[in-house]
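Q:
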Amino acid sequence: MFLISPRRYGKSSLIRHALRACERHGALAVDVTVSSYSSYVAFLEGYAKALVSIETRLDRARAWVRDLLGAVKPDVRVRAGTLEILFPQARTARDVSRLATEVFQLPARVARERRRRLTVALDEFQAISAFNGGSVEHALRAAVQGQREVGYVFAGSEPALMERMLGRSRPFYKAGPVMRLGKIPADRFAAFVESRFSRSGIKPDEGLGQAVVELAGNLPYDVQRLAHEAWDDARAAGRRRIGLDDLHETLRRLLGEQDTMFETIWQRLTLGQRAVLRAAVVEDGRELLSADVRSRHRLGGASTVQAALAALAREDVLTRGTFDNPESRGKADRYAVVDSLFREWVARRTF
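So the sequence shown is numbered by numbering that gives the first Met the number 0: it starts at 0 and just counts up by one.
#1: Quick one: grab the DSSP three-state call for T91.
#2: I need the boundaries of the alpha helix (DSSP H) containing F191, first residue and last residue.
#3: DSSP three-state call for I3: helix, strand or coil?
#4: Quick one: Cα of G216 to Cα of D204, how far?
#5: When the Cα atoms are used, what is the spatial distance from E162 to R179?
#6: Cutting at 6 Å between CB atoms, please list the residues of its own chain near Y220, excluding the five before and the five after it.
#7: Less than 9 Å separating the beta-carbons of Q364 and F341?
#8: Tell me the rounded alpha-carbon separation between A274 and R333.
#9: Among the candidates E22, T55 and D283, whose CA atom is the shortest distance from the CA of R115?
#10: Just to confirm the assignment: which complete alpha helix (DSSP H) runs, minimum length 4, are found wholly within the segment 203 to 253?
#11: Return yes when the Cβ of L165 is within less than 9 Å of the Cβ of A99, no when it is not.
#12: Roughly how many angstroms separate the alpha carbons of S4 and K10, rounded to a whole number?
#13: Work out the CA separation of V71 and P87 for me, nearest whole Å.
#14: Let's test the definition: count the other Cβ atoms within 10 Å of the Cβ of V95 and tell me whether it reaches 16, buried, or not, exposed.
#15: Do three or more CB pairs link the segment 275 to 282 to the segment 296 to 307 at distances below 8 Å?
#16: Along the chain, where does the beta strand (DSSP E) containing R76 start, and where does it finish?
#17: Could you name the residues of the same chain whose beta carbon sits closer than 7 Å to that of F103, not counting the 5 residues immediately before and after it, in chain order?
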């Protein structure tokens, strides 16, 4: 299956919870973050190591490598009690292609060796497209489609790129079900936050959970960060209750701590990009191309605004989503600041 979500939505945490559930039901589980690797060969080395590390006894793991990957002549080392697998013989494109075929068959071999089902999660999967063009996708799809004892999760946090990878002309077109991870319902998230405060012995004032969720843009990562920092401040001060004033005091502290970094990001932007970013914050990311918004914020022509929005998205400052537009009776673009703290900094420190 394919799991797609913007960054900070909790995708990786969800994967880890799911893998632990698989293990409780007797399956083996492997989790590899593709974007951690600087080259195709480095990824293949890391992927092979993760699969072989299912065998925790080093002597047996080394035997596995010889038996399962002997054809590609791996260099196996043990450093600080950890097995390392290197492929020094992979020098040419042909060598790497042959190596990939062997490594991508490894999950099925491991599952057969252990006589158990195996779950493989490749997180930040969109990064694989940078390694070796479409040949990586072809090689992986060819291996995956015959491995009935192995379940795969291909997860990505760049929705547009992931959607292209699943397009009609790509190898993974209709290869499996697609799950698009949305935001947690705000009311349920707010109730959860308040319940966690209460369980720790710090009573939240009414509406505190809602305020945390709203200030953090209902992004799971940011909600967790703000709630934890507020809880930590309350505990350090010995308070048994926490209210909105306490929450905003924590927010002011966090903004002060991040001030230098946010100032650097702001200074790096062009004047046009700054204006569009501030408009996105003030207008909640809606109708930024409309004549009314462009006039109110002195943004210039629609094409200029569109170019600035694209640049801010490339820099991972803004992310694009949609909202229900009652005027057009359809969907319209909505831009949100990726980091909710940066959004608050822009709202409070810029003009």
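The beta-carbon is built from N, C-alpha and C at its ideal position, and this holds for glycine as well. Values in this document were obtained by computation on a predicted structure and should not be read as measured data.
A: Let's see:
#1: In the structure shown, T91 adopts coil according to DSSP, grouped into three states.
#2: A185 to R198
#3: DSSP places I3 in the strand class (E or B) of the three-state scheme.
#4: 20 Å
#5: C-alpha separation (whole angstroms): 10 Å.
#6: Once the five neighbours on either side are set aside, the close Cβ partners of Y220 are R7.
#7: Residue 364 falls outside the range modelled here, since the chain spans only 0 to 350, and no answer is possible.
#8: 16 Å
#9: Of the candidates E22, T55 and D283, the one whose C-alpha sits nearest the C-alpha of R115 is E22.
#10: 207 to 214 and 219 to 235
#11: no
#12: 7 Å
#13: 10 Å
#14: buried
#15: yes
#16: It spans D74 to R78 - the beta strand (DSSP E) in which R76 sits, taken as one unbroken run.
#17: Here the set comprises A138, L139 and A142.
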